[in-house]
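Just so we're aligned: the sequence shown equals residues 80 to 217 in the numbering used here.
See structure below.
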Amino acid sequence: MAKHRSPFLNNDVVHLIENNKIPEQKLWIAVLSKAFEDAFKSTDTRAALEALSWIRHGTDFNYVCHLAGRDGHYVKSRMLDKVIEREASILMHNKAIKTGVAKIIKLKIKKPEPPIKKPPVKKDYSYLPKYSHDYVDR
């Protein structure tokens, strides 16, 4: 049987660094990763906006980063442009949906115009022969 070898040398280094983390740090790293996953990959816009707001303005974001063994100011500075871009795209999408719904509501509320009544057309029967009561067709 052949021995299993890692394809890259760095794979072992990553495992050694991650194995030295205490369980609490792994927990807080998972909290941060879940927040970023919600912010950037969630299809639920409300959850995404809450996560983005927490990353941008959360008072405890730096504390959670510290508990995870990360520098909160560095993480925030690196992610700020992406956070703003994602937040803007969600808000613009929501605005487009609201304007579309408003247009549909206006169309539904708008009463249809009554049909235009045309004056009755007087028909000309002058070309027909005139019959009287005593006329018999044979």
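Idealized CB from N, CA, C, for every residue including glycine.
task = Taking L131 and W107 to be in contact with their CB atoms under 8 Å, please state how far apart those CB atoms are, rounded to whole angstroms.
result = In the sequence shown, the residue the question calls residue 131 occupies position 52. In the sequence shown, the residue the question calls residue 107 occupies position 28. At roughly 19 Å, the Cβ-Cβ gap does not stay under 8 Å, so L131 and W107 are not in contact.
query = Since Y142 is in the alpha helix (DSSP H), which residue starts that stretch and which ends it?
reply = Taking the first residue of the sequence shown as 1, we reach residue 142 at position 63. Residues F140 to L146.
task = Mind reading off the beta-carbon distance from E103 to L128? Whole number of angstroms is fine, and I expect it under 8 Å.
result = Taking the sequence shown and counting its residues from 1, the one referred to as residue 103 is at position 24. Taking the sequence shown and counting its residues from 1, the one referred to as residue 128 is at position 49. Not confirmed; about 29 Å, so no contact.
Residue environment, V93, which counts as buried when at least 16 other CB atoms sit within 10 Å = Mapped onto the sequence shown, residue 93 falls at position 14. Confidence is the limiting factor: at V93 the pLDDT is only 46, short of 50, which leaves the residue's position unreliable, though a coordinate-based value still follows. V93 is exposed by the Cβ-count criterion.
ask   = Shortest alpha-carbon distance to K155 belongs to which of A181, C144 and A126?
value = For the purposes of this step, residue 155 is taken as residue 76 along the sequence shown, with counting starting at 1. Selected option, being the one with the closest Cα: C144.
query = Shortest alpha-carbon distance to I163 belongs to which of P198, A126, V110 and A118?
reply = As a first step, residue 163 is located in the sequence shown; it is residue number 84 there, counting from the start. Cα-wise, what sits closest to I163 is A118.
query = When every heavy atom of the ligand GDP is checked, does at least one fall within less than 8 Å of the C-beta of A127?
reply = The ligand GDP is not part of the structure shown, which contains no ligands of any sort.
key: Minimum C-alpha distance to L170 - residue among Y206, T124 and K105   = Position 91 of the sequence shown holds residue 170. The option with the nearest alpha carbon to L170 is T124.
query = Between which two residues does the alpha helix (DSSP H) harbouring T122 extend?
reply = As a working note, residue 122 is residue 43 in the sequence shown. Annotation for T122: no alpha helix (DSSP H) segment contains it, and DSSP assigns it neither H nor E.
inquiry  = Measuring only the C-alpha atoms, how far is L111 from D160?
reply    = Numbered from its first residue, the sequence shown carries residue 111 at position 32. Numbered from its first residue, the sequence shown carries residue 160 at position 81. Roughly 18 Å between the two C-alpha positions.
ask   = Taking all protein chains shown into account, do 16 or more other C-beta atoms lie within 10 angstroms of the C-beta of G151, making it buried, or fewer, making it exposed?
value = Taking the first residue of the sequence shown as 1, we reach residue 151 at position 72. In summary, G151 is buried, with 16 or more beta-carbon neighbours lying within 10 Å of its beta-carbon over all protein chains present.
Given M158 as reference, the closest of F140, A175, V180 and N173 once Cα atoms are compared = Translated into the one-based positions of the sequence shown, residue 158 becomes position 79. The candidate whose alpha carbon is nearest that of M158 is F140.
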